[in-house]
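K.L.:
Sending over a structure as structure tokens; questions will come in a sec.
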Amino acid sequence: MLGKPCKDPSKAIVWDGVHYTQAANKWIFDQIVNGAFSDPPIPLNRACHRQPAH
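Numbered according to the UniProt record's numbering, the sequence shown spans residues 1 to 54.
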């Protein structure tokens with residue numbers, strides 16, 4: 001199956017019917033970072049913190 005990629009990948013989820021666009025990957029990443037996919041929702045900067053070495 002061959003086809004043309006979308007003209008503006010910043011406004012699409014997939015560019016060839018199979019692969020996510022950079023815009024879609026960024027949206028997923030942002031949701032993970034801000035805690036939207038965790039229960040309870042905890043942003044990564046609060047969930048992953050280092051303890052001082054002793």
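Glycine residues also receive a C-beta, built at the ideal position from the N, C-alpha and C atoms.
Fair warning: this is a prediction, and the values are worked out from it, not measured in the lab.
Can you tell which of V18, G17 and Q22 has its C-alpha closest to the C-alpha of K11?
P.N.:
Here residue 11 corresponds to residue number 11 of the sequence shown, with the count starting at 1. Per the Cα distances, Q22.
K.L.:
Indicate the three-state DSSP secondary structure (helix, strand or coil) for residue 64 in the structure shown.
P.N.:
For the chain, the structure presents residues 1 to 54; residue 64 sits outside this window and is missing.
K.L.:
Helix, strand or coil: which one does DSSP assign to I32?
P.N.:
Counting from 1 along the sequence shown, the entry for residue 32 is found at position 32. Reduced to three states, the DSSP call for I32 is helix.
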